[in-house]
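For the numbering used here, add 6 to where a residue sits in the sequence shown, where the first one is 1.
Built from N, CA and C at the ideal position, the CB exists for glycine as well.
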Amino acid sequence: MGDQKSTLSLCAAVIIAALFVACGQQDLPQSGFIQVGNNQVHYVMEGDGESVLLLHGGYLDLSMWEPQVAALVDSGFQVIRFSDLGHGQTVSAGEATNGHEIMRLLLDSLAIPSTHLVGLSWGAMLAIDFALHHPERVNKIVLVSPGLSGWNYFIDSTAKYNYQQRQVAMSRSDTNMVIEYFQRNWTDGPKRQPHEVDARLRARIRDIIHANLRNHWQKNWSELSPSSLDALEKIGAPALIVVGSLDAADILRIGNIYDTKIPDSELLRFEGVAHMLTMEVPDHFNQAMISFLLSPSQ
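Rendered as structure tokens:
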């Protein structure tokens, strides 16, 4: 009888342990690579519910969205992130590849028929390109500090100077100054000095850029359609455009263009922050983003 009790206790312990492991595995993010041509594109997926595809800015990678992931998952969304060609852990083969094709293949591989899109800067441009090529697969779009394919940069004289100095630093392989002039344009914004920005924010962004420059020096990113300016009226998905008041004049102008041309759009302006507002004021941004994504469509 004692042996039977011991056996039953052991079986129960094994079952409980197995259930514990299974539950823990469900909570772990799924990560891996998808094959796009000869490229290996790195992605991470976590959570359950309606899908949200996060699209990072240039010289950054999928890790820039860490302040958003938990908030989205806790709100009942499935969150997918990937690093574009020339970024993060993605392995680029040096062949021309359209960004919207990478996104399509990623969604196909994960059996996701449609998704919300949230993109910052370069990522916002990818979101627009995908929405124009695959409108049936887009639910809502959040464009943060958006760039615009076909825009003639820069009308902002300070941003133009910082960009030119960054190009000089690139030609000299001066990684530190490449990062610094990137930060002056996009972390600080043309209207602030570096000492006016949280040093921890600058350090975090510096670390991401430094890793990308070390691993992907002057490697090509994915490709965009030459210009989307004349096609914005075709976007049928509801769009939220978010800009920071201290961003470059170009980005503020582009935000207004998106709001004017996309039929179902809303423009939010965050005061006192610049381009990297998702990392500078994550709670404020998360609240606006999630409220928009959860709101009923018209």
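Considering only C-alpha positions, which residue in the set the options is nearest to residue i?
i      : options                        : result
Ile40  : Asp80, Leu113, His93           : Leu113
Ser233 : Gly94, His139, Leu34           : His139
Met51  : His106, Val97, Ala117, Asn104  : Ala117
Ala137 : Ala243, His216, Leu273, Asn104 : Ala243
His93  : Ala217, Arg206, Val279         : Ala217
For residue i, does the count of other Cβ atoms within 10 angstroms reach 16, so buried, or fall short, so exposed?
i      : result
Ile214 : buried
Gly195 : buried
Asn292 : buried
Asp80  : exposed
Gln31  : Below a pLDDT of 50, predicted positions are generally treated as unreliable, and Gln31, at 42, falls in that range; the measurement from the model is reported next regardless. Gln31 comes out exposed.
Leu299 : buried
Cys29  : With a pLDDT of 41 at Cys29, under the threshold of 50, the modelled position of that residue is not reliable, and the figure given next carries that caveat. Its Cβ having fewer than 16 others within 10 Å, Cys29 is exposed.
Thr91  : Per the sequence shown, residue 91 should be read as Leu rather than Thr. Leu91 comes out buried.
Ser271 : buried
Thr266 : exposed
Looking only at its chain, what residues have a beta carbon closer than 6 Å to the beta carbon of residue i, apart from the 5 residues adjacent to it on each side?
i      : result
Leu66  : Ile214
Asn145 : Ser120, His122
Ile268 : Leu238, Ile241, Ala245
Whose C-beta lies closer than 7 Å to the C-beta of residue i among residues of the same chain, with five residues either side of it excluded?
i      : result
Ala175 : Met183, Val184, Tyr187
Trp71  : Leu60, His62, Arg87
Pro73  : Thr284, Met285, Pro288
Provide the residue(s) that pair with residue i in DSSP beta bridges, ordered along the chain.
i      : result
Ile247 : Leu149, Leu273
Ile214 : None; Ile214 has no bridge partner.
Phe83  : Glu56
Thr181 : None; Thr181 has no bridge partner.
Enumerate in chain order the residues of its own chain whose CB-to-CB distance from residue i is below 8 Å, with the five nearest sequence positions on each side excluded.
i      : result
Phe276 : Val248, Val249, Gly250, Ser251, Leu283, Val287, His290, Phe291
Asn162 : According to the sequence displayed, residue 162 carries Asp and not Asn. Cβ within range, chain order: Pro196, Ala254, Ala255, Asp256.
Ala294 : Leu246, Val248, Leu274
At a cut of 8 Å, does the stretch 50-63 reach the stretch 85-99 through at least three beta carbon pairs? The stretch 50-63 is in contact with the stretch 85-99.
Can you confirm whether the stretch 214-232 touches the stretch 145-161 when touching is taken to mean that 3 or more C-beta pairs between the two stretches lie within less than 8 Å? When C-beta atoms of the stretch 145-161 are compared with those of the stretch 214-232, three or more pairs fall below 8 Å, so the two segments count as touching.
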